[in-house]
Each structure stands twice: as structure tokens, then as C-alpha cells.
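Report on one structure; see the data block that follows.
Chains as they are written, first to last, in this note's numbering: chain A, 1 to 616; chain B, 1001 to 1315.
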């Protein structure tokens, strides 16, 4: 019996191990000091921005290591921490308040490696410090708003159809519509049911009372909640941008929770203030009496005020607010019948009646949409709390064509403008209130300490295991040690390759544990080989039998462990997930290195020739 | 070649099975009693509340800090050393009508009074509802894991062995929890991860023994179930000792060097590796024998080919 691997098998093993090692390499390079530029409030980071930044830095004698424009954000690497601070100051002054300039650490992976997809592992907050928030969207509020708007719809629609009803109210059973007779009820039911399946209607008439109960349908309820969550995520993302944090994470978790992670942030009070700050919208009439000259000189009537337009230029608006953004329920970009972009807006019932009165009196006149937000520019109140600067901007001016109701459209925009306006209108306020249900802050020194502890545990554990294997199994022990080392590097490589994988402290624990458990495969095989040798088998046969018999055991044992890791992954959050990920990867790679990897070396060394004695 | 164990012949492991099973049973009942009476010292992850970790510039005076923290907002606060004498951890329970930020501010104010150079290393706040959900999910996870394993082992081996392995796992989980309950150790999310890892590890051990039992049933023509189980355990003994040893070494390294944040995890694993190794022999295998496992159960099922009983079409 000859133990030989065909060439392709050896090549495959070499290839897989090479890929694992290759993608682990970026972790060796450390990090560069960098400055990150992100656009906020409609601005865009372009090649022009990049050259502006480059010019500014050159004029200040700050050497640029590398400057990259990617995904609408600019990352400029500099030589050291001092230069980083100088560069940030200089760039922030040069670009103005439409951009957020933040300090960042960027992986110092060489460009050729990065172009092949090589990136280092991402470190979790527990390893680099920062704040983690778990926020919960109060869905009850979103549903209540929707119910109110539906009630208003019923009133107008039933009146419009001349179906007489006695009253509409919100009850514990749903929206209750009362009728005086069965005839009207039947007509109403037929009419309302013909209008889509957002609502479910139940006839609960009894004893001369005629009632129709309307409830949001299961699907629609789900949709309402989903939209509320999505919109809140958009809003929070916009606000997080204002914080100027490098690589923030805003992510949904489950049906009504949002995770926000801000690496490197320590000042939680400031972070909370900004996440909770509101932006809003106001509709105001344009003061047409104020001409260009008056605006330029700043002399407008005391009833008006001059505002900047987002597109550039200035416009005078009356101070009286026609309608405030609190009445906006939704805004979607769409197209009219000539496929021109527009934004359709729905107001709540109160907003609808206000708006209908206002527009009736102002047909043919221009109306402006004013965007108001509060931005943190680092200033503080005398008492030390954060002072937020109010920023106001006119985002659109449109002529009122007709009397408008609850649903209306704003036209005269180009496609991107329509998209942005809809986003801004929606992002203005949170559709449903959000509360922070979990908060974790890890200091940067603790993060570094955690990394150090984890690495130390790994080194100690690994050293003892390596020495034991070498002493106990000698030649074969050396092979197992090679496999173990390769396994560890491959876990790092795979972790670096998977885009979503984040290394956490329990993740390091998972890696350490993998080291201890990964030898199990080789121990099983080697003990089996010894046993076969004791039973008087020839060397080649013992190797063959050892690997063959141990295989199913190793597979069964690892599959079950993998299953528990998978369960951990699916139910766990944050830290536990991190542990489960490394454990799963570790199981997969250790099976490969322990079975196939060592076999290929064993075959190369002892296979295919006469061997009297094995070094085992 | 030298060996950890050079066993000549077969050791009769099952001879001690009855007294050891009784010991196991006592441990399980003891753990359950402790769980029922003392309960588990649920950590922040499950109960909700606020934790503030502080680093003082010199040895921290806990008494003085406690005295400073006697306001209404910080009532019920627990102050402990954490790792070194300079590191202090304070735990604050959830309070109706008091914001966690206020609590953190109060703690920081008190600590700064004692030592102006104190550093706030970590703050964690978890709402009580989140904790409740996590506890439910955690319990569910352990249950789901046990059921999945029951199914997998029944499918790959046999139901008696599956039952044996799940009993062994339940045994390990209960005793590990019992130790956490008895010593009132903090049970947080990382400990839960540890317990689930124990499930995986202990099963690993059990499967290795079962695999050998199955093999020996097919290979050894002679010998009753007890003898075969004894032989299988003996044959896998040196592997069990070595693997347990290497895993223990790294877990001890984690326990000693890994830092305070994964102490609970390492403790759970240390416990689990001990009980897990032991239960794979005395609970899992013994139960399978008691359930009447025999050679017929291990025979591969003959697959009946469709049309095998018919005459071939071609002569």
C-alpha cells in the first residue's frame, strides 16, 4: 500500500493555504493616520474637492502619503499624528460647513494588496474603544399616526361619495364607523373595500346599531412599521454624519431596533444630543415685493427675512409659517404623466385642512420650502452643555398651481433634486420616537488592553500546545504544529476576507479555543495510527487506516460543534456573534488543515516508500 | 514512542458506573436545588442596569467611594474591585424615573472627588426589557441546540445513543449552571456563550466514544454491550486525555491572561470541560447501555433497491 496524493490534491492544498495566508497579510501592516472628508447636506465630494484638499495641504507643507476618493468620501493619509491634526484644521477651514472632516486611522495595506481585495480584520468596539447604542423605534406612535390619517381619509371619502355616516372614532377594536341604517353601511362597505386592501373591514352591527370596524391589514401594518424603521435609519444616518465619526455603523436589528456604533467616540453626551436633534421643514410664501436689489442690500420689509438657497443665491420669505414639517407624513420621489420628476407629499389631516385654506388664497404665487436643522460646530454654552447652531436653507421654490389638499406634488425639480428633496423631507423628523435601550462605551485604553490580553492568552496557550505536540508525537507532532499554525493564520485570513466579520474580544477567545480544540483532529488520527501499529500493521497501512478511520469521527464531532456555533450565531448579539463567527471559521479551517493538510505532508515524507519506523 | 496511558487490556469503566452515576445524580440534584433556591446571579446583560468601570491613579478606597455614592439616584449601587486594586467596577440597578446618564454622572462626580485623575474606562447601560429578551433567547438557544443534536445523533447513530448524549449534555449544562448559582458568579452573555460552547465540546467527546462503540459493535464478533463499551472507552482514553489537556491549557491561559472581561466565559468552559469529559463516559455511554443498546441496533440498514425482487429485463 502506497500513501500518495495525486499532484492536483497537493496543489489544491497549497493553493488554499496560500490564499488564506495571502489575505492574512494585510493585518501585518498596521495603520496610517488619516483625515476623512464626508459631504453633508446635499454637497458632494468630487475630484475637484480632492484637488482643493491637496492644494491646501501642499500650501501648508503637509506631506500627503496617499489620497483616495471612494464611495463619495475622501481619505487623505498623512505621516504622523501631529500632521493629522494640522491637516484636519486646514481642510475643515478650507471646505466650510458643507463637509464633515474627521480624524481616522486607515489600514496601511499597500495599494497592490488592497487592489486584490486585501484588507485587515475589522476590530469591534471592545477592542478599539467607542460607543454602541441600541435604539428602539416606538412603533405604537407610527401606527397611531397612520390610524389618524386613515380616519381623516374615511371622512373625506365617505362625504365625497355622499354616503351618510353618523360618526367615526378610534376605539380599542379599531376604527369604528357608525351608520344610521343598513343601506348606507352596505354602500360604505362596498365602496371602502373597492379601494385597495390596506384595511380590513368587519361588520359588527347588532340590535339596530350599524357599525363597521376598520383595522390596518396585517400586511399594511407590517409595511407601515417597515417604513417607519427605514425612515428612522435614514434620519439617524444623516445625523451620525454630522458627528464626523470615521466609519460609523447604522444598522437595523430585527423589526424595530437600530444599532448605532461610533468608533473612537468618548463623549456620549454629545453623541446623544446630536442623534436626538431634529431637523424640520417649513413652508412659507416668497416675498415677491423684495426684488434682487433689495435682497442684495438686505433691506426687506420687517415681515420678511432673507435666506440662502441651497442651489445658490438668496430669496426673501415672509416670516409667517404656512405649514410646519410636523404635519408631513410621507414624501416620495415619483414622475408625472410627462415623466418629469416630482415629489409627492402627504400631510396629516390637520395639515391637509391648513394647507388647503392657504393654497386656495395663494394660487399663482411662489411658495418656498425651508429646511431647518441643528448642527454641532463644537461650540458650548456657558454652562458647558453643547450648543447647537441653527442652520436654515431654502431647498425649493414652486408656484402654487391649484388648491392643494392632503396629497400634493412639488414639481420643477430635476431627478436628483427630487430624490434629495424627498429624502430631506422624510429625514427631517423621526417618524416615530426613538429611545436608547442599550448603551456601551469602551475607553480606547481598555480596548488596547483587551487586545493585549487576548494576544497574550493566545501566545501562552499556543506555546504549551505546540511544545506538548512536538514532544509527544515528535515528527508527526511537528506536522500537526505546522497545521495548527497554518490554521490560525487561515482563520485570520478568512476573517479578513469576509466583509461583515468583526473581531471582538470573545472572537479572540474563540480563536484561542480553536487552538486547543484544533489539535483534536490530529490527536485522533495519530492515536489511531499508533493503535494500528500496535496491532501489527505495516507502516503504510497504519497511516492509511489511521486517517481513514478517524475521518468520520472528526467529521461527526465537528459538525455537532459547528451546529452549536451556528445556533449561537443566529440568536446571539454583538459579542456572542463575534465568538460564534470565529468558532465556525476555526472549525472549518481546522478540519481542512488537520485532515487534508497534514495528510499531504505525511504522504510526501513517508508515503510511497519503504519505511521501517514512524516518528510518532 | 511513549504514551500518557499505556493501557494493557481493557479497563472496566462501567464497573464504577453505578456509584459514579449516583454521584452525578447528587450533583445534578444539588445544582437544581441551588438554582431553585439561590437562583442565578444574572449579570447586567440580562437584568438591565448600568455598569461603570473606573481606573484610579492609585489604590482605590472602596469604603470612601461607597460613602460618596449614597444619593437617591445611586441607591443599591454595588462597588467592587475589578482585576487590580486600582480598577473599580460599580453596578447600578435600573431605577424608575432616573435616567442612566444621571447615574453615570453621579458616579463620576463621586469618583472625581476621591481622585481627580480617575479615568472612565467603560460604561454599559442595558434596558430591562432587552435583558428579559436576551434571557429568553439564551434559554431558547440552549434548548434548540439540544434538540438539533438529538436529531443529528439519532440520524447518524441511533436513538439510544442520541438520548444518552443529550442526557450527558443536559447534565453538563445543569452542573455548570449549578456552580454559577452556588458561588453566585455573575452570569452574563459571555457566560452563556461559554455554556453553549460546553455543549459543543462535551458532545465532541461523546461522539468520539460513540463512534468507536459503533465501530466495535460491527468489528468485534464477541462480547456483550458492556464489554464493547468498555473496550471503546479504553481505546479512546488517551485521545480524550490529550485533547482535554490541550483544551484545558488554552482555557487556563484565557482564564489567567485573557483579562477580566472574559473571565466568566473561561470559568464556564473550565467547569464544562471537566464535567463534559467525565459525562461522556459515565452518563452518555452508561445510559445507552442501560437503554439496551446492542449489536442489531448498529447494523447498517440494508437499502432495498427498487425492482430488486424482479427478474432482470435482459436475459
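For glycine and all other residues, C-beta sits at the position ideal for the given N, C-alpha and C.
The structure displayed is predicted, hence computed values, not measured ones.
**Q.** Minimum Cβ-Cβ distance from residue 1321 of chain B to chain A less than 8 Å
**A.** A question about residue 1321 of chain B goes unanswered here, because the residues of chain B that appear run from 1001 up to 1315.
Q) If you drop the 5 nearest sequence neighbours on each side, which residues of the same chain put their C-beta closer than 7 Å to that of residue 1212 of chain B? A) By 1-based counting over the second chain, the position of residue 1212 of chain B is 212. Excluding sequence neighbours, residue 1212 of chain B sits near 1232, 1235, 1236.
Q: May I have the straight-line CA-CA distance separating residue 306 of chain A from residue 50 of chain A, to the nearest angstrom?
A: Here residue 306 of chain A refers to the residue found at position 306 when the first chain is read from its first residue. Here residue 50 of chain A refers to the residue found at position 50 when the first chain is read from its first residue. Cα-Cα distance, rounded: 32 Å.
Q.
Tell me the rounded alpha-carbon separation between residue 1085 of chain B and residue 1059 of chain B.
A. Position 85 of the second chain, counted from the first residue, corresponds to residue 1085 of chain B. Position 59 of the second chain, counted from the first residue, corresponds to residue 1059 of chain B. Near 5 Å, if we compare the C-alpha coordinates of residue 1059 of chain B and residue 1085 of chain B.
Q. Per DSSP, which one or two residues make a beta bridge with residue 215 of chain A?
A. Residue numbering aside, residue 215 of chain A sits at position 215 when the first chain is read from its first letter. Beta-bridge pairing links residue 215 of chain A to A/200.
Q: Go ahead and label residue 109 of chain A buried or exposed: buried means 16 or more other beta carbons lie within 10 angstroms of its beta carbon, across all protein chains shown.
A: Here the question's residue 109 of chain A lines up with position 109 in the first chain. It counts as buried.
Q: With DSSP collapsed to three states, give me the class of residue 1230 of chain B.
A: Residue 1230 of chain B sits at position 230 when you count from the first residue of the second chain. Helix at residue 1230 of chain B.
Q: Report yes or no: is there a C-beta of chain A within less than 8 Å of the C-beta of residue 1186 of chain B?
A: Numbered from 1 along the second chain, position 186 holds the residue referred to as residue 1186 of chain B. For residue 1186 of chain B, no Cβ of chain A is located within less than 8 Å of the residue's own Cβ.
Q) By Cβ distance below 7 Å, which residues in the same chain neighbour residue 329 of chain A in space, the five residues on each side in sequence not counted? A) To locate residue 329 of chain A, count along the first chain from 1; it is residue 329. Contacts found: 145, 149, 346, 347, 348.
Q. Roughly how many angstroms lie between the CA atoms of residue 263 of chain A and residue 31 of chain A, to the nearest whole one?
A. By one-based count along the first chain, residue 263 of chain A stands at place 263. By one-based count along the first chain, residue 31 of chain A stands at place 31. So the alpha carbons of these two residues sit roughly 15 Å apart.
Q: Please list the partners that residue 506 of chain A has in chain B, where partner means a Cβ-to-Cβ separation under 7 Å.
A: Residue numbering aside, residue 506 of chain A sits at position 506 when the first chain is read from its first letter. Chain B residues near residue 506 of chain A: 1190, 1193, 1262, 1265.
Q. Using a beta-carbon distance cut-off of less than 9 Å, what residues from the stretch 569–586 of chain A approach chain C?
A. No chain C appears in this structure, whose protein chains are A and B.
Q | Every unbroken beta strand (DSSP E) inside the stretch 97–134 of chain A [3 residues or more] | A | 99–107, all fully within the stretch 97–134 of chain A.
(Q) Taking the straight line between their C-alpha atoms, what separation do you get for residue 1035 of chain B and residue 1177 of chain B? (A) For this step, residue 1035 of chain B is matched to residue 35 along the second chain. For this step, residue 1177 of chain B is matched to residue 177 along the second chain. Their backbone Cα atoms lie some 8 Å apart in a straight line.
Q) Do we get a CB-CB distance below 8 Å when we pair residue 598 of chain A with the residues of chain B? A) For the purposes of this step, residue 598 of chain A is taken as residue 598 along the first chain, with counting starting at 1. So, not an interface residue.
Q: Closer than 8 Å by beta-carbon distance: list the chain B residues that pair up with residue 487 of chain A, in chain order.
A: Counted from its first residue, the first chain places residue 487 of chain A at position 487. Residues of chain B passing the Cβ test: none, with the nearest at roughly 13 Å.
Q | Residue of B/1149, B/1088, B/1028 minimising C-alpha distance to residue 1119 of chain B | A | Sequence index remark: in the second chain, residue 1119 of chain B carries index 119 (1-based). When the alpha-carbon of residue 1119 of chain B is set against those of B/1149, B/1088, B/1028, the nearest one is in B/1088.
Q. Is the CB of residue 454 of chain A under 8 Å away from at least one CB in chain B?
A. By one-based count along the first chain, residue 454 of chain A stands at place 454. Closer than 8 Å: yes.
Q) What span of residues does the alpha helix (DSSP H) with residue 1152 of chain B cover, start to end? A) If you number the second chain from 1, residue 1152 of chain B lands on position 152. First-last of the alpha helix (DSSP H) with residue 1152 of chain B: 1128–1156.
Q: Reducing DSSP to helix, strand and coil, say where residue 609 of chain A ends up.
A: In the first chain, the residue the question calls residue 609 of chain A occupies position 609. In the structure shown, residue 609 of chain A sits in coil (DSSP, three-state: anything other than H, G, I, E or B).
Q | 7 Å Cβ shell around residue 338 of chain A - same chain, five flanking residues per side excluded | A | As a working mapping, residue 338 of chain A is identified with position 338 in the first chain. Counting only Cβ-Cβ distances below 7 Å, and skipping sequence neighbours, we find nothing.
Q. Are there 16 or more other CB atoms within 10 angstroms of the CB of residue 1261 of chain B, so buried, or fewer, so exposed?
A. Looking up residue 1261 of chain B in the second chain gives position 261. Its Cβ being crowded by 16 or more others within 10 Å, residue 1261 of chain B is buried.
**Q.** Straight-line gap, residue 75 of chain A to residue 241 of chain A (C-alpha atoms, nearest Å)
**A.** As a working note, residue 75 of chain A is residue 75 in the first chain. As a working note, residue 241 of chain A is residue 241 in the first chain. Going from the Cα of residue 75 of chain A to the Cα of residue 241 of chain A covers about 15 Å.
Q) With respect to 7 Å, is the separation between the Cβ of residue 399 of chain A and the closest non-hydrogen atom of the ligand SAH below this value? A) Within the structure as shown, the ligand SAH is missing, as the structure has no ligands at all.
Q | Closest Cα partner of residue 48 of chain A within the set A/507, A/216, A/73, A/292 | A | On the first chain, residue 48 of chain A is found 48 positions in, with the first residue counted as 1. Among A/507, A/216, A/73, A/292, the Cα nearest to that of residue 48 of chain A belongs to A/73.
Q) Shorter than 8 Å from the beta carbon of residue 468 of chain A to some beta carbon of chain B? A) The residue you call residue 468 of chain A lines up with position 468 of the first chain. Closer than 8 Å to some Cβ of chain B, the Cβ of residue 468 of chain A qualifies, so yes.
Q | From A/536, A/359, A/566, residue whose alpha carbon lies closest to that of residue 1199 of chain B | A | Position 199 of the second chain holds residue 1199 of chain B. The option with the nearest alpha carbon to residue 1199 of chain B is A/566.
Q: Compile a chain-ordered list of the residues in the stretch 530–553 of chain A whose CB is closer than 8 Å to at least one CB of chain B.
A: Within the stretch 530–553 of chain A, the residues whose Cβ lies closer than 8 Å to some Cβ of chain B are 530, 531, 549, 552, 553, listed in chain order.
Q: Could you check if residue 1057 of chain B is buried or exposed, using at least 16 other CB atoms within 10 Å of its CB as the buried criterion?
A: Counting from one through the second chain, the residue named residue 1057 of chain B turns up at place 57. Burial state of residue 1057 of chain B is exposed, judged by a 10 Å Cβ sphere holding fewer than 16 other Cβ atoms.
**Q.** Own chain, CB closer than 8 Å to residue 163 of chain A, minus 5 neighbours either side, in chain order
**A.** On the first chain, position 163 is the one that residue 163 of chain A refers to. Correct list, in chain order: 184, 187, 188, 191.
**Q.** Host beta strand (DSSP E) of residue 1084 of chain B (start-end)
**A.** Indexing the second chain from 1 puts residue 1084 of chain B at position 84. Unbroken beta strand (DSSP E) run through residue 1084 of chain B: 1084–1092.
**Q.** residue 230 of chain A to residue 37 of chain A span [Cα, whole Å]
**A.** In the first chain, residue 230 of chain A corresponds to position 230, counting from 1. In the first chain, residue 37 of chain A corresponds to position 37, counting from 1. Approximately 25 Å between the Cα atoms of the pair.
Q: Check the DSSP bridge columns for residue 330 of chain A and list the partner residues they point to.
A: Sequence index remark: in the first chain, residue 330 of chain A carries index 330 (1-based). Its beta-bridge partners are A/346.
Q: Quickly, what does DSSP pair residue 440 of chain A with across the bridge? List them, please.
A: By one-based count along the first chain, residue 440 of chain A stands at place 440. Beta-bridge analysis with DSSP links residue 440 of chain A to A/132, B/1124.
Q: Name, going along the chain, the residues of the stretch 441–452 of chain A whose beta-carbon falls closer than 9 Å to a beta-carbon of chain B.
A: Listed in sequence order: 441, 442, 443, 445, 446, 449, 450, 452.
Q) How about residue 601 of chain A and residue 479 of chain A: are their beta carbons less than 8 Å apart? A) Reading the first chain from its first residue, position 601 is the one you call residue 601 of chain A. Reading the first chain from its first residue, position 479 is the one you call residue 479 of chain A. For residue 601 of chain A and residue 479 of chain A, yes; Cβs fall inside 8 Å.
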